[in-house]
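**Student:** There's a structure below that I have some questions on.
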Amino acid sequence: MTTRAIAYLCSEYPAISHTFIYREIESLRNAGMTVHTASIRKPSNLTVMTPAEQKEAEETLMVLSMPLPLMLSAHLHCLKKNPAGYLRMAAAGLQLLTSGPKSPLKAVAYFAEAGILLQWLHRHGITHIHEHFANPTAIVAILMKTYGGVSYSTSVHGPDIFYTVDSAMLAEKIRQAAFVRCISHYCRSQIMRISEPQAWHKLHIIRCGVDPDLYTPRPEPGNSLPNILCVGRLVPAKGQYILLKACAILKKEDLQFQLTIVGDGPDRQILEEAATSGNLNGSVTFTGALGQDKVRGYYDRADLFVLASFAEGVPVVLMEAMAKEIPVISTRITGIPELIEHEKDGLLATPGDVDDLANQIRKLLNNTQQRRELGTSGRNKVIALYNQHTNNQDMVTLFHEEELST
Numbered sequence: 000m001t002t003r004a005i006a007y008l009c010s011e012y013p014a015i016s017h018t019f020i021y022r023e024i025e026s027l028r029n030a031g032m033t034v035h036t037a038s039i040r041k042p043s044n045l046t047v048m049t050p051a052e053q054k055e056a057e058e059t060l061m062v063l064s065m066p067l068p069l070m071l072s073a074h075l076h077c078l079k080k081n082p083a084g085y086l087r088m089a090a091a092g093l094q095l096l097t098s099g100p101k102s103p104l105k106a107v108a109y110f111a112e113a114g115i116l117l118q119w120l121h122r123h124g125i126t127h128i129h130e131h132f133a134n135p136t137a138i139v140a141i142l143m144k145t146y147g148g149v150s151y152s153t154s155v156h157g158p159d160i161f162y163t164v165d166s167a168m169l170a171e172k173i174r175q176a177a178f179v180r181c182i183s184h185y186c187r188s189q190i191m192r193i194s195e196p197q198a199w200h201k202l203h204i205i206r207c208g209v210d211p212d213l214y215t216p217r218p219e220p221g222n223s224l225p226n227i228l229c230v231g232r233l234v235p236a237k238g239q240y241i242l243l244k245a246c247a248i249l250k251k252e253d254l255q256f257q258l259t260i261v262g263d264g265p266d267r268q269i270l271e272e273a274a275t276s277g278n279l280n281g282s283v284t285f286t287g288a289l290g291q292d293k294v295r296g297y298y299d300r301a302d303l304f305v306l307a308s309f310a311e312g313v314p315v316v317l318m319e320a321m322a323k324e325i326p327v328i329s330t331r332i333t334g335i336p337e338l339i340e341h342e343k344d345g346l347l348a349t350p351g352d353v354d355d356l357a358n359q360i361r362k363l364l365n366n367t368q369q370r371r372e373l374g375t376s377g378r379n380k381v382i383a384l385y386n387q388h389t390n391n392q393d394m395v396t397l398f399h400e401e402e403l404s405t
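Take 0 as the starting number for the sequence shown in numbering that gives the first Met the number 0 and just add one per residue.
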């Protein structure tokens with residue numbers, strides 16, 4: 000099945016914490032689609048990404064990197080091509096002063112970005128743009144739709160967007176979208192909460208996924224001490240502070256383990272201090288930000304994987320660990336219980352409960368057989384419901400149906 004060329008728009012692409020978007024786009028291309036990519040800002044941590052991701056960055060439009068004369072030229076192009084549409088877009092931009100962000104600076108920025116992107120779309124003959132996360136880039140997409148000749152769709156992950164429904168203009172983003180890809184039942188329910196039933200037919204559950212041929216079962220690690228792995232940005236929502244506190248409890252019980260935390264972020268100092276105060280200095284390693292090729296090496300050496308998050312969509316790192324038959328522990332929040340059924344595909348702890356998290360980790364440290372059984376079940380779950388090739392084919396179908404309806 001082939002479709003016309005489309006564009007993917009992100010705030011930052013490629014991004015070290017969102018490699019699943021890169022893999023999604025590559026999967027769509029492998030399915031025969033032509034996908035151009037645009038990013039509002041240049042990606043950070045590009046030097047630690049894979050060579051393929053670095054090449055992708057070179058071929059991606061970096062909107063805010065465009066010199067001012069070229070920005071002005073792009074807007075002149077849009078004005079000449081469709082004067083009425085340009086005025087409609089300007090009027091829609093002015094409305095952002097009283098709705099949504101209610102910020103003159105942001106209104107001007109979104110309008111400027113829309114003009115640059117429109118010229119780029121015209122150059123490539125693109126009439127549909129897909130935006131990830133329903134964040135401010137979706138407002139830019141709405142402005143382009145207002146101009147005319149462009150439709151847009153969005154993927155919604157949550158949960159942050161559900162906390163700022165009004166200022167994020169989420170209901171309007173849903174209303175304007177040709178279709179909405181929801182990554183979980185939980186995600187879809189939250190969008191249903193703020194949208195009219197007449198719009199629910201546009202809400203499609205298409206899960207994120209991983210490539211089970213790339214994330215194959217790891218060999219038995221054979222570590223002298225069980226290795227606990229956590230992968231994620233060092234931010235409060237990921238719950239690494241709670242994980243360290245739980246590990247400190249286990250350390251006092253003389254349980255032996257090694258904790259590896261992969262990732263970087265603003266919480267690094269407070270987490271390192273928590274490791275010191277919990278007498279974990281000899282038992283925890285902070286690797287900093289790593290590219291996906293190196294992260295896979297850490298998966299291969301892990302005995303169990305823990306993500307003690309307070310707020311998540313459905314973490315792809317959990318899918319990656321499960322695909323590699325690593326037993327996983329996470330929390331009962333948002334869409335995670337759709338991925339992990341407690342004591343079948345992994346273990347779930349009460350969010351924010353240090354003692355419960357310590358208890359779940361203790362179970363797996365003390366039970367090698369349960370680790371093997373959960374690892375096998377976890378991979379089976381990923382293959383059944385979180386296979387990126389199967390799920391991305393559903394995206395191809397949606398893009399094709401959108402093309403036929405326009």
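Beta carbons: idealized from backbone N, C-alpha and C, even for Gly.
How would you label residue 200, buried or exposed, when you count the other beta carbons within 10 angstroms and need 16 or more for buried?
**Tutor:** In the sequence shown, the residue the question calls residue 200 occupies position 201. Exposed, because fewer than 16 other Cβ atoms sit within 10 Å of the Cβ of residue 200.
**Student:** Please state whether the Cβ-Cβ distance between residue 190 and residue 204 is less than 8 angstroms.
**Tutor:** Here residue 190 refers to the residue found at position 191 when the sequence shown is read from its first residue. Here residue 204 refers to the residue found at position 205 when the sequence shown is read from its first residue. Not in contact: residue 190 and residue 204 (Cβ atoms no closer than 8 angstroms).
**Student:** Within the continuous beta strand (DSSP E) that includes residue 255, where are the two ends?
**Tutor:** Along the sequence shown, one-based indexing puts residue 255 at 256. Segment: none, residue 255 is in no beta strand (DSSP E) and carries neither H nor E.
**Student:** For residue 397, tell me which candidate among 355, 127 and 92 has the shortest Cα-Cα distance.
**Tutor:** In the sequence shown, counting from the first residue as 1, residue 397 sits at position 398. Measuring from the Cα of residue 397, the nearest candidate turns out to be 127.
**Student:** Closest to residue 241 by C-alpha separation, out of 66, 355 and 167, would be which residue?
**Tutor:** Indexing the sequence shown from 1 puts residue 241 at position 242. Checking every option, the nearest Cα to that of residue 241 belongs to 355.
**Student:** Suppose contacts are defined by Cβ-Cβ distances below 8 angstroms. Is residue 28 in contact with residue 34 by that definition?
**Tutor:** In the sequence shown, counting from the first residue as 1, residue 28 sits at position 29. In the sequence shown, counting from the first residue as 1, residue 34 sits at position 35. Yes. Within cutoff.
**Student:** Closer than 8 angstroms, CB to CB, is residue 67 near chain C or not?
**Tutor:** The question asks about chain C, but that chain is absent: this structure has only one protein chain.
**Student:** Which residue wins for smallest C-alpha separation from residue 349, given the options 268, 296 and 309?
**Tutor:** Position 350 of the sequence shown holds residue 349. Cα-wise, what sits closest to residue 349 is 309.
**Student:** If the criterion is Cβ atoms closer than 8 angstroms, does the pair residue 133 and residue 8 meet it?
**Tutor:** Taking the first residue of the sequence shown as position 1, residue 133 is located at position 134. Taking the first residue of the sequence shown as position 1, residue 8 is located at position 9. In this structure, residue 8 does not lie closer than 8 angstroms to residue 133 by Cβ.
**Student:** Between which two residues does the alpha helix (DSSP H) carrying residue 92 extend?
**Tutor:** Residue numbering aside, residue 92 sits at position 93 when the sequence shown is read from its first letter. Where residue 92 is concerned, the enclosing alpha helix (DSSP H) stretches over 82 to 94.
**Student:** Cα-Cα, which of 94, 49 and 253 is closest to residue 166?
**Tutor:** For the purposes of this step, residue 166 is taken as residue 167 along the sequence shown, with counting starting at 1. Of 94, 49 and 253, the residue nearest in Cα terms is 94.
**Student:** Considering only their Cβ atoms, is the gap separating residue 164 from residue 170 smaller than 8 angstroms?
**Tutor:** On the sequence shown, residue 170 is found 171 positions in, with the first residue counted as 1. On the sequence shown, residue 164 is found 165 positions in, with the first residue counted as 1. Yes, Cβ-Cβ distance for residue 170 and residue 164 is below 8 angstroms.
**Student:** DSSP has residue 36 in a bridge; who is on the other side?
**Tutor:** Here residue 36 corresponds to residue number 37 of the sequence shown, with the count starting at 1. Answer is 7, bridged to residue 36.
**Student:** Can you tell me where the alpha helix (DSSP H) with residue 186 in it begins and where it stops?
**Tutor:** Walking along the sequence shown from the start, residue 186 turns up at place 187. Residues 184 to 192.
**Student:** With which residues is residue 153 paired in a DSSP beta bridge?
**Tutor:** The residue labelled residue 153 in the question sits at position 154 within the sequence shown. Per DSSP, 130 and 179.
**Student:** Going by Cα to Cα distance, which pick from 219, 283, 149 and 263 is closest to residue 227?
**Tutor:** Position 228 of the sequence shown holds residue 227. It is 283 whose Cα lies nearest to the Cα of residue 227.
**Student:** Would you call residue 307 buried or exposed, if buried means 16 or more other Cβ atoms sit within 10 Å of its Cβ?
**Tutor:** The residue labelled residue 307 in the question sits at position 308 within the sequence shown. Classification for residue 307: buried.
**Student:** Considering only residues of the region 284 to 355, which uninterrupted beta strand (DSSP E) runs meet the minimum length of 3 residues and lie entirely inside it, listed in chain order?
**Tutor:** List check, beta strand (DSSP E) in window: 303 to 305, 327 to 330 and 346 to 348.
**Student:** Can you tell me whether residue 29 is helix, strand or coil according to DSSP?
**Tutor:** Taking the sequence shown and counting its residues from 1, the one referred to as residue 29 is at position 30. Reduced to three states, the DSSP call for residue 29 is helix.
**Student:** Is residue 374 helix, strand or coil when you go by DSSP?
**Tutor:** Your numbering for residue 374 matches position 375 in the sequence shown. In this structure, residue 374 counts as helix in the three-state DSSP scheme.
**Student:** For the alpha helix (DSSP H) containing residue 115, name the first residue and the last one.
**Tutor:** Taking the sequence shown and counting its residues from 1, the one referred to as residue 115 is at position 116. 103 to 123 is the span of the alpha helix (DSSP H), which, as asked, contains residue 115.
**Student:** Please report the Cβ distance between residue 259 and residue 297, rounded to the nearest whole angstrom; I am assuming they are in contact, meaning their Cβ atoms lie under 8 angstroms.
**Tutor:** In the sequence shown, counting from the first residue as 1, residue 259 sits at position 260. In the sequence shown, counting from the first residue as 1, residue 297 sits at position 298. Confirmed, about 6 angstroms.
**Student:** In this structure, what does DSSP give as the bridge partners for residue 77?
**Tutor:** Numbered from its first residue, the sequence shown carries residue 77 at position 78. For residue 77, which the question treats as bridged, DSSP gives no partner whatsoever.
**Student:** Put residue 388 into one of helix, strand or coil per three-state DSSP.
**Tutor:** On the sequence shown, residue 388 is found 389 positions in, with the first residue counted as 1. It is helical.
**Student:** Run through DSSP, which three-state label would residue 205 get?
**Tutor:** Indexing the sequence shown from 1 puts residue 205 at position 206. Reduced to three states, the DSSP call for residue 205 is coil.
**Student:** Whose CA, out of 263, 305 and 77, lies closest to the CA of residue 362?
**Tutor:** One-based indexing of the sequence shown puts residue 362 at position 363. Out of 263, 305 and 77, 305 has the C-alpha closest to the C-alpha of residue 362.
**Student:** Go ahead and pull the three-state DSSP assignment for residue 48.
**Tutor:** To locate residue 48, count along the sequence shown from 1; it is residue 49. Reduced to three states, the DSSP call for residue 48 is coil.
**Student:** Would you grab the beta carbon distance between residue 224 and residue 257 for me? Rounded to a whole angstrom, and I think it's under 8 angstroms.
**Tutor:** Within the sequence shown, numbered from 1, the residue matching residue 224 stands at position 225. Within the sequence shown, numbered from 1, the residue matching residue 257 stands at position 258. Indeed they touch by this definition, with Cβ atoms about 5 angstroms apart.
**Student:** Using 8 angstroms as the threshold, is the C-beta distance between residue 49 and residue 292 below it?
**Tutor:** Here the question's residue 49 lines up with position 50 in the sequence shown. Here the question's residue 292 lines up with position 293 in the sequence shown. Yes, they are a contact pair.
**Student:** On the premise that residue 52 lies in contact with residue 21, defined as a C-beta separation below 8 angstroms, what is that separation, rounded to the nearest angstrom?
**Tutor:** Counted from its first residue, the sequence shown places residue 21 at position 22. Counted from its first residue, the sequence shown places residue 52 at position 53. At roughly 6 angstroms, the Cβ-Cβ gap stays under 8 angstroms, so residue 21 and residue 52 are in contact.
**Student:** Given a threshold of 16 other Cβ atoms within 10 Å of its Cβ, counted over all protein chains shown, does residue 390 qualify as buried or as exposed?
**Tutor:** The residue given as residue 390 occupies position 391 in the sequence shown. The residue is buried, with at least 16 neighbouring Cβ atoms inside 10 Å.
**Student:** Using the three-state DSSP reduction, which class does residue 168 fall into: helix, strand or coil?
**Tutor:** Taking the first residue of the sequence shown as position 1, residue 168 is located at position 169. In the structure shown, residue 168 sits in coil (DSSP, three-state: anything other than H, G, I, E or B).
**Student:** Considering only residues of the same chain and omitting the five flanking positions on each side of residue 384, which have a CB-CB separation below 7 angstroms?
**Tutor:** Position 385 of the sequence shown, counted from the first residue, corresponds to residue 384. 206, listed in sequence order.
**Student:** Which value, in whole angstroms, describes the spacing of the CA atoms of residue 303 and residue 250?
**Tutor:** Here residue 303 refers to the residue found at position 304 when the sequence shown is read from its first residue. Here residue 250 refers to the residue found at position 251 when the sequence shown is read from its first residue. Cα to Cα, the separation comes out at about 16 angstroms.
**Student:** Return the bridge partner residues of residue 227 from the DSSP annotation.
**Tutor:** In the sequence shown, residue 227 corresponds to position 228, counting from 1. BP columns for residue 227 point to 258 and 303.
**Student:** Check the C-beta distance from residue 37 over to residue 62 and give it rounded, since I have them as a contact under 8 angstroms.
**Tutor:** Working through the sequence shown from its first residue, we reach residue 37 at position 38. Working through the sequence shown from its first residue, we reach residue 62 at position 63. That belief holds up - the Cβ atoms of residue 37 and residue 62 are roughly 6 angstroms apart, short of 8 angstroms.
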